[in-house]
Amino acid sequence: MRRYCGSLRKKDVGKDVVVKGWVQRTRNLGALVFADIRDREGVVQIVGGKEVGALRPEWVVEIKGKVEEREVKNPSLSTGEIEIKVESMKVLSKAKIPPFHVLDEVDVSEEVRLRYRYIDLRRPRMQRNIILRHRMAMVARTYLDSLGFIEVETPILTKSTPEGARDFLVPSRNYKGKFYALPQSPQLFKQLLMISGLDRYFQLAKCFRDEDLRADRQPEFTQIDVEMSFPQEEQIIEITEGLLKEMFAASGINISVPFPQLTYREAMNRYGSDKPDLRIPYKIDDLTEMSMGGGNRIIEEVIYSGGKLLGMKIPNGLTRKEIDSLNSFIKELSGDGIFWLKIEDGIRGNLKGNEEWKEKLCDSLDLHKGDTAVFVAGKGIKELMGSLRVKAARIKGDVEEGMKFLWVRDFPLFELDSEGNLTSNHHPFTSPANEDVSILEREPLKALSRTYDVVLNGIELGGGGIRINDAELQRKILKILGIEESRFSFLIEALEHGAPPHGGIALGFDRIVMMAAGEESIRDVIAFPKTTSGLCLLTGTPSDVDKPQLRDLGIKITSS
RNA sequence: GGGGUCGUAGCUCAAUUCGGUUAGAGCGCUGGCCUGUCACGCCAGAGGUCGUGGGUUCAAAUCCCAUCGGCCCCGCCA
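Each residue of the first sequence is one higher than the one before, starting from 149 at the first, in the working numbering.
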């Protein structure tokens with residue numbers, strides 16, 4: 149009977165088995181030849197005569213033989229105590245010389261891996277990632293099902309929305325000049341499902357956003373999309389924590405719940421980020437108030453004009469070289485550079501000012517002998533300081549091991565975009581905090597929202613919120629944002645037909661798997677990813693299409 | 001859209017600073033030898049549009065311009 153190569157053990161000695169797999173490598177000693185045969189579960193050594201010596205790497209073979217205990221064992225292999233003595237052998241498929249070895253440790257460029265993805269996916273590490281992804285999807289479905297959530301598929305061909313990311317568009321053949329759009333998320337459909345009375349919905353949903361890519365961003369990606377009726381924020385948070393706990397357990401990682409929570413405001417003030425990496429122990433301090441009269445004219449002028457002085461303690465000091473590299477890092481991010489202080493025998497550093505003030509700064513930052521503090525002065529520098537925090541920790545190696553989850557709550561409802569227009573921080577269907585409804589029009593930027601993001605090690609895993617279920621309030625928000633109500637008239641109308649209070653969350657499934665797999669790019673947990681410029685090197689997508697296809701669609705390509 | 005970095009043999013890289021003989025190495029590949037290997041070993045050999053196009057020059061992998069592609073970052077990502 150057929151067995152997986154990697155499943156054979158000492159207890160199988162004496163059995164007649166068949167294995168089918170790929171030739172990993174041969175070791176030809178003349179009249180005695182060894183070969184490693186690989187399948188999904190691992191490799192096993194076969195041994196035979198000259199005929200085995202004809203095998204070449206990546207040929208697909210069927211081997212019949214008897215499992216025997218090895219004369220010389222290999223303790224570094226799980227099948228290392230046994231081998232298969234070949235009785236008959238069939239080559240099922242020959243193979244070209246592979247572009248690279250199918251081994252985890254072989255160094256090969258991502259370009260080549262993506263070009264030959266089907267070979268790259270033969271590597272144990274990639275198989276482990278893809279299988280882990282499957283397990284985590286299964287666990288998520290089982291968990292949500294057990295809590296009464298119902299998986300519903302929502303359309304892939306849907307309506308373009310004016311806000312948010314660029315849409316991928318699909319031209320309509322029957323209605324020339326009109327377009328479907330691929331969904332950026334199933335947001336509106338899941339709200340409609342709540343209005344439909346489904347009560348609890350989820351979906352492993354494909355989402356599409358036509359924006360520039362990163363190590364953790366692909367043009368198409370998968371969300372675990374969840375929505376429920378009559379929720380409290382705490383309920384959604386608890387359900388999500390349980391979901392993540394189960395999913396990580398599937399990869400053998402135990403995480404403790406509940407996660408700590410920060411408000412957006414706290415996160416920004418203390419960590420300079422709305423997705424802080426809590427593996428880094430540094431915290432940011434606002435030293436603005438104690439710095440008037442400190443004798444540093446540059447900083448005093450910054451404060452006069454509404455800026456701040458932020459400081460951060462780096463325990464156990466930085467060398468001059470490290471300070472220089474942080475300084476150039478900040479300058480590259482268009483900052484003015486950093487100030488620093490270091491306590492040795494006295495206070496040293498490039499921060500000018502009177503001694504009394506400097507001592508106050510040191511006290512306030514709890515600086516002791518050997519410690520360094522870095523400072524940035526200016527307006528809108530919280531995030532700059534946040535970047536400095538991460539950079540300094542990487543330089544110093546002050547990033548702890550482990551999985552540090554947290555919730556960031558109470559995001560502002562609105563923010564200003566680069567052109568100074570009011571936009572939604574989350575999306576236009578997010579409910580404002582009850583107490584802020586009255587200030588929506590007067591002081592929109594001060595209004596908070598009923599939102600929560602879940603963050604792991606500085607990476608945003610997902611976010612959600614309580615939605616608006618009142619048509620009037622939804623109209624008001626759209627009006628404040630300057631969005632034509634008609635774009636969402638179907639939603640408004642639905643809200644007028646009996647909409648329960650509802651809310652939910654959307655989790656980035658690829659990112660969750662990436663973290664659980666210990667990978668640094670979501671490309672490594674997606675079977676067929678695109679490059680950072682959005683190409684598929686395997687298929688050569690995107691590609692030209694035939695003229696008749698375009699004619700059917702009423703599309704003319706203009707040279708750009 | 002912007003910045004950085006890389007592109008030389010099937011793969012990973014060297015030679016590029018400061019132009020100059022025949023562009024090298026390891027792995028892989030091909031052939032030969034080898035009965036306990038497991039990164040098998042030994043001997044011999046083949047293999048190159050130096051990403052692409054243009055320019056400068058007596059001469060370009062090397063200098064200049066453009067362009068294509070990989071990766072990372074900023075902008076962007078409701």
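Even glycine gets a Cβ: it sits at the ideal position worked out from N, Cα and C.
Would DSSP call Asn-176 helix, strand or coil?
Counting from one through the first sequence, the residue named residue 176 turns up at place 28. Asn-176: strand per DSSP, three-state reduction.
Could you say which of Ala-642, Glu-632, Ile-628 and Arg-615 lies nearest to Gly-651 if we only look at CA atoms?
Counting from one through the first sequence, the residue named residue 651 turns up at place 503. Among Ala-642, Glu-632, Ile-628 and Arg-615, the Cα nearest to that of Gly-651 belongs to Arg-615.
Is the region 285 to 302 in contact with the region 341 to 352, if contact means three or more CB pairs nearer than 8 Å?
Segments in contact, yes.
Cβ shell of Arg-362 (< 8 Å), same chain only, five flanking positions each side left out:
Residue 362 sits at position 214 when you count from the first residue of the first sequence. Cβ within range, chain order: Thr-680.
What is the DSSP secondary structure of Met-395, reduced to helix, strand or coil?
Position 247 of the first sequence holds residue 395. In this structure, Met-395 counts as helix in the three-state DSSP scheme.
Mind pulling the alpha helix (DSSP H) runs of 4 or more residues that sit fully within the region 412 to 452?
412 to 419 and 445 to 452
Please give the ranges of any beta strand (DSSP E) in the region 177 to 250, keeping only runs that are unbroken, at least 3 residues long and fully inside the region.
181 to 187, 190 to 196, 208 to 217 and 230 to 241
Would the region 237 to 257 and the region 193 to 206 be scored as touching if the rule is three or more Cβ pairs under 8 Å?
With a cut-off of 8 Å, the region 193 to 206 and the region 237 to 257 count as touching, because enough Cβ pairs lie within range.
Quick one: Cα of Gly-312 to Cα of Phe-636, how far?
Counting from one through the first sequence, the residue named residue 312 turns up at place 164. Counting from one through the first sequence, the residue named residue 636 turns up at place 488. Cα-Cα distance, rounded: 14 Å.
Pro-334 versus Gly-550 - alpha carbon distance:
Numbered from its first residue, the first sequence carries residue 334 at position 186. Numbered from its first residue, the first sequence carries residue 550 at position 402. Their backbone Cα atoms lie some 32 Å apart in a straight line.
To the nearest angstrom, report how far apart Val-522 and Val-547 are at their CA atoms.
Residue 522 sits at position 374 when you count from the first residue of the first sequence. Residue 547 sits at position 399 when you count from the first residue of the first sequence. Taking the straight line from one Cα to the other gives about 18 Å.
Looking at the structure shown, is Phe-407 part of a helix, part of a strand, or coil, going by DSSP?
In the first sequence, counting from the first residue as 1, residue 407 sits at position 259. Phe-407 falls in the coil class under three-state DSSP.
Pop quiz: Glu-210 and Lys-238 are said to be a contact at Cβ under 8 Å. What is the actual Cβ separation, rounded to whole angstroms?
Along the first sequence, one-based indexing puts residue 210 at 62. Along the first sequence, one-based indexing puts residue 238 at 90. So it is a contact: roughly 4 Å between Cβ atoms.
Just curious, the alpha helix (DSSP H) that Ser-473 is in, first and last residue?
Residue mapping note: residue 473 aligns to position 325 of the first sequence, counting from 1. Start and end: 468 to 480.
In three-state terms, what does DSSP make of Phe-337?
Taking the first residue of the first sequence as 1, we reach residue 337 at position 189. In this structure, Phe-337 counts as helix in the three-state DSSP scheme.
How many whole angstroms separate the CB atoms of Asp-658 and Gln-366, which I take to be in contact at a CB cut-off of 8 Å?
What you label residue 658 is simply residue 510 of the first sequence in a count that begins at 1. What you label residue 366 is simply residue 218 of the first sequence in a count that begins at 1. Confirmed, Cβ separation roughly 7 Å.
Cα separation between Leu-683 and Trp-555?
Taking the first sequence and counting its residues from 1, one reaches residue 683 at position 535. Taking the first sequence and counting its residues from 1, one reaches residue 555 at position 407. Cα to Cα, the separation comes out at about 34 Å.
Run of the alpha helix (DSSP H) containing Glu-311, from where it starts to where it stops
Residue 311 sits at position 163 when you count from the first residue of the first sequence. First-last for Glu-311: undefined, no H or E at that position.
Between which two residues does the beta strand (DSSP E) holding Ala-353 run?
Stepping through the first sequence from its first residue, residue 353 is reached at position 205. Start and end: 348 to 356.
Label Pro-677 either buried or exposed according to how many other C-beta atoms from any shown protein chain fall within 10 Å of its C-beta, with 16 as the threshold for buried.
The count along the first sequence starts at 1 and reaches residue 677 at position 529. With 16 or more other Cβ atoms within 10 Å, it is buried.
Give the DSSP-derived three-state secondary structure of Lys-530 in the structure shown.
Here the question's residue 530 lines up with position 382 in the first sequence. The answer is helix: DSSP assigns Lys-530 an H, G or I state.
Three-way DSSP call (helix, strand, coil) for Ala-363 in this model:
As a working note, residue 363 is residue 215 in the first sequence. Ala-363 falls in the coil class under three-state DSSP.
What is the rounded straight-line gap between the Cα of Lys-544 and the Cα of Phe-297?
On the first sequence, residue 544 is found 396 positions in, with the first residue counted as 1. On the first sequence, residue 297 is found 149 positions in, with the first residue counted as 1. Going by the C-alpha atoms only, they are around 45 Å apart.
Reference Glu-110, options Ile-401, Pro-406 and Phe-378, closest by Cα
No statement about residue 110 is possible, as the shown extent of the chain runs from 149 to 708 and does not include it.
Just to check my reading of the structure: Ser-512 and Asp-433 have Cβ atoms closer than 8 Å, yes? What is that Cβ distance to the nearest angstrom?
Working through the first sequence from its first residue, we reach residue 512 at position 364. Working through the first sequence from its first residue, we reach residue 433 at position 285. Contact holds; Cβ gap of about 6 Å.
Measure the alpha-carbon distance for Gly-630 versus Leu-570 and round it to whole angstroms.
Residue 630 sits at position 482 when you count from the first residue of the first sequence. Residue 570 sits at position 422 when you count from the first residue of the first sequence. Approximately 8 Å, taken between the alpha carbons.
With 16 as the cutoff for other CB atoms within 10 Å, does Pro-379 come out buried or exposed?
Against the first sequence, residue 379 aligns to sequence position 231. That one is buried.
Simplified DSSP assignment, three categories, for Pro-592
The count along the first sequence starts at 1 and reaches residue 592 at position 444. Three-state DSSP puts Pro-592 in a helix.
When burial is assigned at 16 or more other CB atoms within 10 Å of the CB, is Met-416 buried or exposed?
Position 268 of the first sequence, counted from the first residue, corresponds to residue 416. By the neighbour-count rule (16 or more Cβ atoms within 10 Å), Met-416 is buried.
Helix, strand or coil: which one does DSSP assign to Leu-643?
Locating residue 643 in the first sequence gives position 495, where the first residue counts as 1. Three-state DSSP puts Leu-643 in a helix.
Within 10 Å of its beta-carbon, does Lys-530 have 16 or more other beta-carbons around it, so buried, or fewer, so exposed?
Taking the first residue of the first sequence as 1, we reach residue 530 at position 382. Classification of Lys-530: buried, given that the 10 Å Cβ count is 16 or more.
Taking just the CA atoms, how far does Val-602 sit from Pro-424?
Within the first sequence, numbered from 1, the residue matching residue 424 stands at position 276. Within the first sequence, numbered from 1, the residue matching residue 602 stands at position 454. Going by the C-alpha atoms only, they are around 10 Å apart.
What is the DSSP secondary structure of Ala-675, counted as helix, strand or coil?
Translated into positions along the first sequence, residue 675 becomes position 527. Looking at Ala-675 - three-state DSSP - the assignment turns out to be coil, as it is neither helix nor strand.
Enumerate, from N- to C-terminal direction, the unbroken alpha helix (DSSP H) stretches of 4 or more residues contained entirely within the region 476 to 527.
503 to 512
Could you pull the start and end residues of the alpha helix (DSSP H) that Pro-696 belongs to?
Taking the first residue of the first sequence as 1, we reach residue 696 at position 548. First-last of the alpha helix (DSSP H) with Pro-696: 695 to 701.
Hey, how far is the Cα of Ser-572 from the Cα of Glu-591?
Locating residue 572 in the first sequence gives position 424, counting from the first residue. Locating residue 591 in the first sequence gives position 443, counting from the first residue. Rounded to the nearest angstrom, the two C-alpha atoms are 14 Å apart.
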